[in-house]
Structures are given as C-alpha cells and as structure tokens.
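A quick write-up on the structure given underneath.
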Amino acid sequence: MPETRAFLPFTRRLESLGLPYMITGGVAAISYGEPRFTNDVYVVIRLARDRVTELLAAFPADMFYVPPEEVVRIEIARGQRGHFNVIQHSSNFKADFYLQGRDPLDAWAFERIVREKIGDDSFSLAPPEYVIIGKLEFYRIGGSDRHVRDIHAILSNASVIEYRDDMERWIADRGLTEIWRQVLSEMR
0 MPETRAFLPF TRRLESLGLP YMITGGVAAI SYGEPRFTND VYVVIRLARD RVTELLAAFP
60 ADMFYVPPEE VVRIEIARGQ RGHFNVIQHS SNFKADFYLQ GRDPLDAWAF ERIVREKIGD
120 DSFSLAPPEY VIIGKLEFYR IGGSDRHVRD IHAILSNASV IEYRDDMERW IADRGLTEIW
180 RQVLSEMR
C-alpha cells in the first residue's frame, strides 16, 4: 500500500455515498507493485447525473476545491473521457476523477474491482490488468519510463495477475502489442 494515505479523504467520501469507483494510476500501481511518491490519485467513477450535487457536497468547499456543478455535468454529457479534479486544500493532494464512459474496458474492470483495507478504511482498486493497460496507454502518449517501471513492479508481483489472457486481448485490441512486447523484453 502507498506510503502516503493522502487518497483516503477522497475514498472515505466515495464509500459513504456508495458510488461505484476504482482507484487506478500511480496509487494502484504502488499498491500492486512497489512504493514510490505520487501527489495525486486517479479515480474512475460511475456517476449518474442525479448524484452530481450529492458528490460535490461530500467535498466541503472549506476543505476541498471542487469544480462548479455545471462543469461536472458537462463532463458527464461527453459520454467518453469526461474528467474533473478535486483538490484537498490542506495537503494539495489532487483526485483526478475520470467518468466511466462507454469504454468496454472500464465495464470489464468494474466487474473485477479489488477491495483493499488500510486500518478501518476500505476502498476499491482497479484490477492490476486494467492498471497495466492504462500505464501502457500513458507510455504510448508520453514515453515516461515511470510507467514502464510501474508495469515491471506489478508484473514482479505475479500473484496479482489473474486475468492475463483478457489483459493481452485488451492490449491487442488497443494497438499496444508492440509496446507490451518492448516492456516485457526490458524485464529480462
């Protein structure tokens, strides 16, 4: 689990609302791999229009920056790749909320959420296969070796990979096979 527990003020609120979500990105990679620093958490959330006001109210303005409600509604209307940020004032820790769209990979991952605990806090992690695919996509876009290191760390903890065949099918479907082969060859 990440050394920083700065994401817990965000997940506690999501848990109390009962909204379906999953942590991905660096925090999930740290959870499945090895510790490193991160100053944000990526959260994929299933958010219906009728829950927007309730979600934003769970993050009080004296403690968090939240975008205006209209902005979140516009992002939901996109149907794909909707996104907004919530920032905790005291720590400057940021939650990047990505709205579940029509991507079948998101639906696949939501069916395989991994539940974790830190003390009395429970939270939802995206499955490691989803995290790896996301890291491959970010690597393709930006080329940061951090993504490759995260993938290597997750793969070094082989017991967490339960759906390898599904993962490799998603990798092929997304045109990531060559990058995947490169990442695997660098592990040897």
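In numbering that gives the first Met the number 0, the protein residues as written are 0 to 187. Cβ coordinates follow ideal geometry from the N, Cα and C atoms, glycine included.
Rounded to whole angstroms, what is the Cα-Cα separation between Gly118 and Arg11?
Straight-line spacing of the CA atoms in Gly118 and Arg11 works out to 12 Å.
Taking 8 Å as the threshold (C-beta atoms), are Ala108 and Asp39 in contact?
No, these two residues do not count as a Cβ contact at 8 Å.
Could you pull out every residue in the same chain whose Cβ sits closer than 7 Å to the Cβ of Ile153, ignoring the five residues on either side in sequence?
If we look at Ile153 and ignore the five residues flanking it on each side, its Cβ neighbours are Ala28, Tyr31, Gly32, Pro127, Val130, Ile131 and Val159.
Delimiting residues of the alpha helix (DSSP H) encompassing Glu68:
It spans Glu68 to Arg77 - the alpha helix (DSSP H) in which Glu68 sits, taken as one unbroken run.
7 Å CB neighbourhood of His151 in its chain, flanking five on each side removed:
Cβ-Cβ distances below 7 Å link His151 to Met186 in the same chain, with the five nearest sequence neighbours on each side left out; the list follows chain order.
Are the Cβ atoms of Gly100 and Arg80 separated by less than 8 Å?
Yes; because the gap between Cβ atoms is below 8 Å, this pair is in contact.
Tell me which same chain residues have a C-beta within less than 8 Å of the C-beta of Met0, skipping the five on either side of it?
Reliability of the predicted coordinates at Met0 is poor, the pLDDT of 42 falling under 50, and no value is obtained from them.
Does the Cβ of Asp105 have 16 or more other Cβ atoms within 10 Å, making it buried, or fewer, making it exposed?
By the 16-neighbour rule on beta-carbons within 10 angstroms, Asp105 is buried.
Own chain residues within Cβ distance below 8 Å of Tyr20, not counting five before or after:
Take Tyr20, set aside five residues on each side of it, and the residues of its chain with a beta-carbon closer than 8 Å to its own are Thr10, Leu13, Val42, Val43, Ile44, Arg45 and Ser123, in chain order.
Using a Cβ-Cβ cut-off of 8 Å (strictly less than) and excluding sequence neighbours within five positions of Ser89, which residues of its own chain qualify?
Excluding sequence neighbours, Ser89 sits near Met62.
Run the CB neighbour count on Asp172, radius 10 Å, all protein chains shown included, and call it buried at 16 or more, exposed below.
Of the other Cβ atoms in all chains shown, fewer than 16 fall within 10 Å of the Cβ of Asp172; this residue is therefore exposed.
Exposed or buried, what is Glu2 when buried is set at 16 or more other beta-carbons lying within 10 Å of its beta-carbon?
Note on Glu2: pLDDT 44, under 50, position unreliable in the model; no value is reported.
Start and end of the beta strand (DSSP E) containing Tyr30?
Residue identity differs from the one stated: residue 30 is Ser in this sequence, not Tyr. Counting along the chain, no beta strand (DSSP E) covers Ser30; the unbroken alpha helix (DSSP H) around it starts and ends at Gly24 to Tyr31.
At what residues does the alpha helix (DSSP H) containing Leu94 begin and finish?
Note that residue 94 is Ala in the sequence shown here, rather than Leu. For Ala94, no alpha helix (DSSP H) segment is defined; the enclosing uninterrupted segment is the beta strand (DSSP E) at Lys93 to Leu98.
Report all residues from its chain with a CB closer than 7 Å to the CB of Thr52; omit the five preceding and five following residues, and keep chain order.
Close CB contacts of Thr52 within its chain, under the 7 Å cut and outside five residues either way in sequence, are with Glu68 (chain order).
Where Ser184 falls: helix, strand or coil (DSSP):
If DSSP states are grouped into helix, strand and coil, Ser184 belongs with the helices.
Got a sec? Which residues, its chain only, sit under 6 Å from Arg111 by beta carbon, not counting five neighbours each side?
If we look at Arg111 and ignore the five residues flanking it on each side, its Cβ neighbours are Pro126.
Sequence-distant residues of its chain with Cβ nearer than 6 Å to Ala5 (five each side left out):
Once the five neighbours on either side are set aside, the close Cβ partners of Ala5 are Ser90 and Phe92.
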